[in-house]
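Counted the way the numbering used here counts, the sequence shown spans residues 78 to 170.
Even glycine gets a Cβ: it sits at the ideal position worked out from N, Cα and C.
Input: a single structure, listed below in structure tokens.
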Amino acid sequence: MSTVAHTYVEAAKHQDCGTTRALTTTNTWAWCDDPRLISYKTVGRTGADGECIDYQITITASSDGSMDAGTEPWSLCFRQTKAGWRLWDQGQG
């Protein structure tokens, strides 16, 4: 899971929409270019099952106004699927 999570945030940082879409389930949105992920720092694994990774992310503001520019906590939670680990949920905190 850690390898997929790292691949995902690197793809988001470099606006590799094909990779983020391939690693995301239909349960959540695939990070692409709005807002733009500028940088991230891994904080650690969390969740009852350890399948979430907490980050400190720095982003641009989203075009729809739902996310402000700056640095904030962000969690990515993954699930094992037939295709391997995939992003299941994400959000602040």
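For residue i, does the count of other Cβ atoms within 10 angstroms reach 16, so buried, or fall short, so exposed?
i	result
Arg163	buried
Would you tell me roughly how many angstroms separate the C-alpha atoms of residue i and residue j, rounded to the nearest one?
i	j	result
Cys119	Ala99	A small fix is needed here, since residue 119 is Thr in this sequence, not Cys. C-alpha separation (whole angstroms): 22 Å.
Arg156	Tyr85	14 Å
Trp149	Gly95	The question names Trp, yet the displayed sequence has Glu at residue 149. Approximately 25 Å between the Cα atoms of the pair.
Ser116	Lys159	30 Å
Asp166	Thr102	9 Å
Quick check on residue i: does DSSP put it in helix, strand or coil?
i	result
Cys154	strand
Arg113	coil
Glu149	strand
Lys118	strand
| task | Flag this pair as touching only if the stretch 111-120 and the stretch 139-153 have three or more C-beta atom pairs under 8 Å; answer yes or no. | result | yes
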